[in-house]
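Okay, so here's the structure we're looking at.
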Amino acid sequence: MPEHARAGSGTLKAAGMHTRLAASAQATAGAAAEANVMATEKATAEAADQVTAQPTANTTAQPIAPAAALSAAHMQASLLSATALMPRSRYLDHIEALRGSIARGEIYQANYTFPIAIETCLSPQTLYREIASRHPCAHAAYVEDEGRTLLSFSPELFFSRSGSTLTVRPMKGTAPRFADPDQDHQSGQQLLHSEKNRAENLMIVDLLRNDLGRVATPGTVKVDALFTLERYPSVWTLTSTVTAQAPDASLETLLRALFPCGSITGAPKIAAMKKIREREMAERGIYCGSIGWLAPNGDCSLNVAIRTITMQGDAPEDGRFHGVFGVGGGIVYDSEPELEWQECLWKARILGSPPGFVDEVPSAEQPPSTVSGTQKPSEVGMSSRSSQWSFESRADAKRQS
């Protein structure tokens, strides 16, 4: 595997008065991030419905808007398949191996991911509009560049700079949304008070505090908020906020110190990236890299390119577009492999997937096994009878053929 495992690179290009920066994730120790500045449309408006970290927070589920339901129905009819390119059994084995590395003290946390191949009748622009209408987020982006199109629906800020102030907002800890208001509220509160998820979040906060300390004015790094519960259409998340003052730091200096974001590597960063390189089946590309904007005065805002689809090539003759969607999560010693697999499914619901992830091709004698909860997590506009998507592993697909 190449030394820049999980990454691509590019050159810096101007794009008018404002620019959009896309930096692909380098999984090498202290690697300088070469940035790709590409024009993209404005990120969708701030949409994270933040809930303060209090047990009594009002966290009721939101009703489905008719327009969103109509959009989802159109999308559901046009998305043909989503195929996990890693068998579930191998994923579970790799999580156990990472837990072993943690038990031996080699790392504290690793963010492990795998790709999902998608096939759709929707053009990249239409697919972007359809998903964005159902999953608005603060750091979305659409980028067309050199034969590939990037559709990012990221809710996570990598870092922003306003004047001399740097802000990072690592996101670690995820739980599903539910259509039932009481169960939905309970799911959010369980996440908020989960010792495992708090520890996972805190590890990355400490890592980013250390990264910021390399470029910030001494004594200015501070944690503004810990464990903010945020509500999105299909998941709850825990997000923390750290700020620092760095009046003299250039963009290159900031990227060298901060990139890639610790929330998608693990801790310690260098050791975790080595484990990622050993275990993950493919390079991440732009996934888990960064897309954002730069202003002439030096202000900027960059996302962590999670919830991101990479689509290749021009319009196909058969009308079927193909892309890859990355999904994963943070692994700590207390992680349960089956639950980590389920968390990946929650995150994949942004694609419009039905509940459950088919693990084996069904035979005539036995129905398919699935990993799903007792109730279906809410998905704006999703029909409970929908079965347009087929989720299967690549190995299973070969057996079927």
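If you read the sequence shown in our numbering, its first letter stands for residue 48, the second for the next number, and so on.
Where a beta carbon is used, it is the ideal one built from N, C-alpha and C, also for glycine.
- Query: Apart from the five residues just before and just after residue 237, which ones in its own chain have a Cβ nearer than 7 Å to its Cβ?
  - Reply: For residue 237, where only same-chain residues beyond five positions count, the Cβ hits under 7 Å are 222.
- Message: Per the DSSP calculation, residue 162 is bridged to which residue(s)?
- Response: Looking at the DSSP assignment, residue 162 forms a beta bridge with 373.
- Pick helix, strand or coil for residue 240, following the three-state DSSP scheme. Residue 240: coil per DSSP, three-state reduction.
- Item | Straight-line gap, residue 245 to residue 209 (C-alpha atoms, nearest Å) | A straight line joining the alpha-carbon of residue 245 with that of residue 209 spans about 28 Å.
- Task: Sort out for me which residues DSSP pairs residue 388 with in a bridge.
- Result: Per DSSP, none; premise fails for residue 388.
- Task: Classify residue 231 as buried or exposed, calling it buried when 16 or more other Cβ atoms lie within 10 Å of its own Cβ.
- Result: That one is buried.
- Ordered along the chain, which non-local residues of its own chain (more than five positions away) have a Cβ less than 8 Å from that of residue 103? Note that residue 103 scores a pLDDT of 28, beneath 50, so its modelled location is shaky and nothing firm can be said.
- Tell me which same chain residues have a C-beta within less than 7 Å of the C-beta of residue 114, skipping the five on either side of it? At residue 114, the pLDDT of 39 sits below 50, so the modelled position is not reliable and the matter cannot be decided from this model.
- Message: Given a cut-off of 8 Å on the beta-carbon distance, is the pair residue 309 and residue 353 in contact?
- Response: No. Outside cutoff.
- Query: Given a threshold of 16 other Cβ atoms within 10 Å of its Cβ, counted over all protein chains shown, does residue 387 qualify as buried or as exposed?
  - Reply: With 16 or more other CB atoms across the displayed protein chains lying within 10 angstroms of its CB, residue 387 is buried.
- Item | Sub-8 Å separation of residue 333 and residue 312 beta-carbons | At a Cβ-Cβ threshold of 8 Å, residue 333 and residue 312 do not count as neighbours.
- Where residue 193 falls: helix, strand or coil (DSSP): The three-state secondary structure of residue 193, taken from DSSP, is coil.
- Query: For residue 382, does the count of other Cβ atoms within 10 angstroms reach 16, so buried, or fall short, so exposed?
  - Reply: Counting C-beta atoms within 10 angstroms of its own C-beta, residue 382 has 16 or more neighbours from the protein chains shown and is therefore classed as buried.
- Item | Sequence-distant residues of its chain with Cβ nearer than 7 Å to residue 212 (five each side left out) | Correct list, in chain order: 290, 292.
- Mind pulling the alpha helix (DSSP H) runs of 4 or more residues that sit fully within the stretch 277–344? Annotation note: the stretch 277–344 contains the following uninterrupted alpha helix (DSSP H) runs of length 4 or greater, listed N- to C-terminal: 298–305, 316–326.
- Between the C-alpha atoms of residue 157 and residue 272, what's the straight-line distance to the nearest angstrom? Their Cα atoms are separated by approximately 23 Å.
- Query: With C-beta atoms as the reference, is residue 397 less than 8 Å away from residue 159?
  - Reply: No. Outside cutoff.
- Leaving out the 5 sequence neighbours to the left and right, which residues in its chain are closer than 7 Å to residue 267 when beta-carbon positions are compared? Contacts found: 291, 292.
- Assign residue 253 to one of three DSSP states: helix, strand, or coil. Reduced to three states, the DSSP call for residue 253 is helix.
- Item | Among 375, 385, 379, 384, the one whose alpha carbon lies nearest that of residue 394 | Ranking the options by Cα distance to residue 394, first place goes to 375.
- Alpha-carbon spacing of residue 145 relative to residue 317, whole angstroms: Their backbone Cα atoms lie some 15 Å apart in a straight line.
- Determine the extent of the alpha helix (DSSP H) in which residue 468 is found, giving its start and end residues. The first residue shown for the chain is 48 and the last is 448, placing residue 468 beyond what the model contains.
- Message: Would the stretch 328–342 count as touching the stretch 355–371 if we require 3 or more Cβ pairs under 8 Å?
- Response: The stretch 328–342, when compared against the stretch 355–371, does touch it at the 8 Å Cβ threshold.
- Query: What's the call for residue 350, buried or exposed, on a 16-neighbour Cβ count within 10 Å?
  - Reply: Of the other Cβ atoms in all chains shown, 16 or more fall within 10 Å of the Cβ of residue 350; this residue is therefore buried.
- Message: Comparing C-alpha positions only, which one of 135, 189, 330, 154 sits nearest to residue 339?
- Response: Of the candidates 135, 189, 330, 154, the one whose C-alpha sits nearest the C-alpha of residue 339 is 189.
- When DSSP builds the beta bridges, which residues end up paired with residue 186? Beta bridge pairing from DSSP links residue 186 with 201.
- Message: Taking 8 Å as the threshold (C-beta atoms), are residue 217 and residue 255 in contact?
- Response: Yes.
- Item | Same chain, Cβ closer than 6 Å to residue 288, five either side skipped, listed in chain order | 216, 271, 272, listed in sequence order.
- Task: Please check the pair residue 243 and residue 379, which I expect to be a contact at CB under 8 Å, by giving their CB distance rounded to whole angstroms.
- Result: Between residue 243 and residue 379 the beta-carbon gap is near 7 Å, inside 8 Å, which marks them as a contact.
- Query: Cβ of residue 206 within 8 Å of Cβ of residue 301?
  - Reply: The criterion of a C-beta distance shorter than 8 Å is satisfied by residue 206 and residue 301.
- Message: So residue 328 and residue 132 are supposed to be a Cβ contact under 8 Å. How far apart are they, rounded?
- Response: Between residue 132 and residue 328 the Cβ distance is about 7 Å, and since that is below 8 Å, they are a contact.
- Pick out whichever of 129, 314, 148, 363 has its Cα sitting closest to the Cα of residue 161. Ranking 129, 314, 148, 363 by Cα distance to residue 161 puts 129 first.
- Query: Taking the continuous alpha helix (DSSP H) assigned at residue 178, which residues delimit it?
  - Reply: In the DSSP annotation of this structure, the continuous segment of the alpha helix (DSSP H) that includes residue 178 starts and ends at 171–181.
- Task: Report yes if the CB atom of residue 261 is closer than 8 Å to the CB atom of residue 304, and no otherwise.
- Result: It is a contact, given that the beta carbons lie within the stated cut-off.
- Query: Grouping DSSP H, G and I as helix and E and B as strand, with all else coil, what is residue 271?
  - Reply: Residue 271 falls in the strand class under three-state DSSP.
- residue 128, DSSP secondary structure in three states: When DSSP states are grouped into helix, strand and coil, residue 128 belongs to the strand group.
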